[in-house]
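Asker: Numbering (our numbering), first residue to last: 83 to 319. Would you mind keeping the following structure in view while I ask a few things?
Below is the structure:
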């Protein structure tokens with residue numbers, strides 16, 4: 083349809099967006115790792131934000147070019163790009179809805195030093211710009227959305243579930259996150275402060291929201307395809 087004509091897989095729009103995504107990931111991740119301050123964070127990948135941004139970076143910098151260049155692998159593109167997009171969208175949603183109020187209060191109390199400006203720009207890139215650009219790429223340029231199935235929704239949830247498992251296993255060693263008095267990277271995961279049962283209820287609620295959100299996106303796509311046809315650029319079907 084119109085979307086297929088204007089936005090061929092990995093065409094000019096897709097190439098420009100993917101390049102912006104890679105650059106944005108590199109800016110955000112290097113700032114968040116204290117690269118510019120000359121410090122290394124051993125607990126860098128304890129944060130889901132960093133994990134999801136790294137997934138996006140690796141996909142668009144290394145995996146996507148290989149998938150698009152190999153016709154035999156084209157069938158994987160819709161499924162992989164859906165998973166990557168949902169993973170980074172989760173980063174935006176959790177930060178914006180659960181963490182940003184606390185971060186705003188903390189930031190307001192800090193002096194406007196170079197480190198403050200680095201932190202502000204860093205949060206903007208990894209929590210907002212990268213998720214929005216990735217979502218824009220998926221909506222406008224990701225091909226073959228009509229090939230997506232309902233099983234893509236639970237498949238996406240395996241990544242945050244694996245992340246939680248590794249965080250809880252690491253926390254059992256009692257190694258605190260840098261600059262924190264807890265081995266847990268996020269307050270809502272802190273079993274010491276909140277108790278195991280409350281944390282498990284929170285995790286189950288988040289899992290249900292993730293699964294429901296992914297299913298909602300897929301069902302919306304299926305309804306759109308059944309009414310207007312297409313299956314390529316969602317906005318332009």
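Where a beta carbon is used, it is the ideal one built from N, C-alpha and C, also for glycine. What you are looking at is a predicted structure, and each value in this text was computed from that prediction instead of being measured.
For residue 298, which option in 155, 230 and 103 has the closest C-alpha, if you only look at C-alpha atoms?
Answerer: For the set 155, 230 and 103, the Cα lying nearest the Cα of residue 298 is the one of 230.
Asker: What would DSSP say about residue 214, mapped onto helix, strand or coil?
Answerer: helix
Asker: Kindly indicate which three-state DSSP category residue 204 falls into: helix, strand or coil?
Answerer: helix
Asker: Decide if the stretch 143–162 is in contact with the stretch 92–104; the criterion is three or more beta carbon pairs, one per stretch, under 8 Å apart.
Answerer: Counting Cβ pairs under 8 Å, three or more are found: they touch.
Asker: For residue 272, which of helix, strand or coil comes out of DSSP?
Answerer: coil
Asker: Just the C-alpha distance for residue 274 and residue 176, rounded to the nearest angstrom, thanks.
Answerer: In a straight line, the C-alpha of residue 274 is about 21 Å away from that of residue 176.
Asker: Take the Cβ of residue 119 as the centre, count every other Cβ of all protein chains shown within 10 Å, and call the residue buried at 16 or more, exposed below.
Answerer: For residue 119, the predicted structure reports a pLDDT of 49, less than 50, and the residue's modelled location is therefore unreliable. The matter cannot be settled from this model.
Asker: Going by other Cβ atoms of all chains shown within 10 Å of its Cβ, with 16 needed for buried, is residue 241 buried or exposed?
Answerer: buried
Asker: Is it right to say residue 167 is buried, meaning 16 or more other beta carbons lie within 10 angstroms of its own, or is it exposed?
Answerer: buried
Asker: Looking at the unbroken alpha helix (DSSP H) that takes in residue 139, where does it start and where does it end?
Answerer: 130–140
Asker: The alpha helix (DSSP H) with residue 234 in it runs from where to where?
Answerer: 234–253
Asker: Out of 150, 205, 215 and 309, point me to the one whose CA is closest to residue 138's CA.
Answerer: 215
Asker: Consult DSSP for residue 264 and reduce its assignment to one of helix, strand or coil.
Answerer: coil
Asker: Give the DSSP-derived three-state secondary structure of residue 302 in the structure shown.
Answerer: helix
Asker: Go ahead and pull the three-state DSSP assignment for residue 231.
Answerer: coil
Asker: In or out: residue 271 buried (at least 16 other Cβ within 10 Å) or exposed?
Answerer: buried
Asker: In angstroms with no decimal places, state the Cα-to-Cα distance between residue 244 and residue 153.
Answerer: 30 Å
Asker: Below 8 Å on the Cβ atoms is my guess for residue 203 versus residue 107; work out the distance and round it to an integer in Å.
Answerer: Not quite, the Cβ-Cβ distance comes to about 14 Å (not below 8 Å), so this is no contact.
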